[in-house]
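Student: Have a look at the structure that comes next, please.
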Amino acid sequence: MKKFYTTLLAIVLSALMININGQHQENEFTGVSTTESSLKSSTVYDLIRLKIENPYVYDATVIYYYESFSDGLGPEDSEKMFNSSEKIPEIFTRIGNTAMAINGFSDLEGKSYVSVPVSVRNRVWDDCEISADLSDFREDYDVVLEDKMKGRYTNLRTSTYTYTPLVLGIEDERFVLHLSKSSRVPTAMFDGLENTEEKIHFYSDYEMLKVSIENEVFAGSVRQGRIDVYSLNGRKLTSSIANAGVNQIELAGGQIYIVSVAVGNQTTTKKVAVR
Numbered sequence: 521m522k523k524f525y526t527t528l529l530a531i532v533l534s535a536l537m538i539n540i541n542g543q544h545q546e547n548e549f550t551g552v553s554t555t556e557s558s559l560k561s562s563t564v565y566d567l568i569r570l571k572i573e574n575p576y577v578y579d580a581t582v583i584y585y586y587e588s589f590s591d592g593l594g595p596e597d598s599e600k601m602f603n604s605s606e607k608i609p610e611i612f613t614r615i616g617n618t619a620m621a622i623n624g625f626s627d628l629e630g631k632s633y634v635s636v637p638v639s640v641r642n643r644v645w646d647d648c649e650i651s652a653d654l655s656d657f658r659e660d661y662d663v664v665l666e667d668k669m670k671g672r673y674t675n676l677r678t679s680t681y682t683y684t685p686l687v688l689g690i691e692d693e694r695f696v697l698h699l700s701k702s703s704r705v706p707t708a709m710f711d712g713l714e715n716t717e718e719k720i721h722f723y724s725d726y727e728m729l730k731v732s733i734e735n736e737v738f739a740g741s742v743r744q745g746r747i748d749v750y751s752l753n754g755r756k757l758t759s760s761i762a763n764a765g766v767n768q769i770e771l772a773g774g775q776i777y778i779v780s781v782a783v784g785n786q787t788t789t790k791k792v793a794v795r
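Take any residue in the sequence shown, count from 1 to its spot, add 520: that is its number in the numbering used here.
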């Protein structure tokens, strides 16, 4: 009888854990887990743990980098085990057509920018929050989540991102994680801090940077300004005149740029990811 109650208790506790979090997975080769907050291995990986949660439960996926890893399928990767409960939101990446819970990539050293498509699966309409555990990730890279359907970019070092599912099921094309080497240009960065009271707006549309400037920015005799675009290592790429209204600059897509707008004695600078 005692053994029966012990078994029953184990089943109940297991069911409760499933309701608290999604599928817990661990890679046997590296010992990396989707739920552990710190590594047990003595090897130091550049690791990002993405977490997704709704009002009921959460799930997580791992993206990590190391010198011996390959960008293709390897022993450092673990396939995604999907959950049976429809209340669990799920987050994962892909290698080809295979969904991955733990995905290893080659070393970040020498790379100024990389991007990783991120997939989600929702089977209820509740809002979901995506956050990042960066306690095991290097500090010299910005970590930005793009919602391609909404045209929104979120710095996961300082914020979380809440979204509403557009469809029930898997969304492979909606989210991209951008990792870019932090610039040493002394400006206000991606966090949305603008010294023009949000009268200058930055966004992109398929290899086109757009900078919208409201008329009030051009006070007094100031009729024009300047838009400078820099690479992430601080090299100036282009400079153009800034006018009231929408200013468009054609740039290579799939990259993050530093954009500085100077009007009179005011300068607004932001990081902008161009699709």
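In this text, a Cβ means the ideal position worked out from N, Cα and C, and glycines have one as well. Predicted, not measured: the structure shown is a model, and the values here were computed from it.
Would you check if the stretch 668 to 680 and the stretch 627 to 635 touch, i.e. whether three or more CB-CB distances between them fall below 8 Å?
Tutor: Contact between the stretch 627 to 635 and the stretch 668 to 680 is absent, because fewer than three Cβ pairs lie under 8 Å.
Student: Suppose contacts are defined by Cβ-Cβ distances below 9 Å. Is residue 581 in contact with residue 611 by that definition?
Tutor: For residue 581 and residue 611, yes; Cβs fall inside 9 Å.
Student: Counting C-beta neighbours from all protein chains within 10 Å, is the total for residue 745 16 or more, i.e. buried, or is it exposed?
Tutor: Buried, since its Cβ has 16 or more Cβ neighbours within 10 Å.
Student: Leaving out the 5 sequence neighbours to the left and right, which residues in its chain are closer than 8 Å to residue 591 when beta-carbon positions are compared?
Tutor: If we look at residue 591 and ignore the five residues flanking it on each side, its Cβ neighbours are 625, 626.
Student: Using three-state DSSP, classify residue 735 as helix, strand or coil.
Tutor: The answer is helix: DSSP assigns residue 735 an H, G or I state.
Student: Residue 721 bridges to which residues according to DSSP?
Tutor: DSSP lists 732 as partners of residue 721.
Student: In its own chain, which residues sit with a C-beta less than 6 Å from the C-beta of residue 797, not counting the 5 before and 5 after it?
Tutor: Any question about residue 797 goes unanswered here, given that the chain covers just 521 to 795.
Student: By Cβ distance below 6 Å, which residues in the same chain neighbour residue 777 in space, the five residues on each side in sequence not counted?
Tutor: Contacts found: 749, 792.
Student: So, is residue 579 buried or exposed, given that buried needs 16 or more other C-beta atoms within 10 angstroms?
Tutor: When all chains shown are included, residue 579 counts as buried.
Student: Taking one C-beta from the stretch 617 to 624 and one from the stretch 655 to 664 each time, how about it: are there three or more such pairs within less than 8 Å?
Tutor: The stretch 617 to 624 is not in contact with the stretch 655 to 664.
Student: Going by DSSP, name the residue or residues bridged to residue 651.
Tutor: According to DSSP, residue 651 bridges with 571.
Student: Which partner residues of residue 770 appear in the DSSP bridge assignment?
Tutor: Note: residue 770 sits in a beta bridge opposite 728.
Student: Alpha carbon to alpha carbon, how far is residue 786 from residue 742?
Tutor: Each residue's Cα considered, the two are about 11 Å apart.
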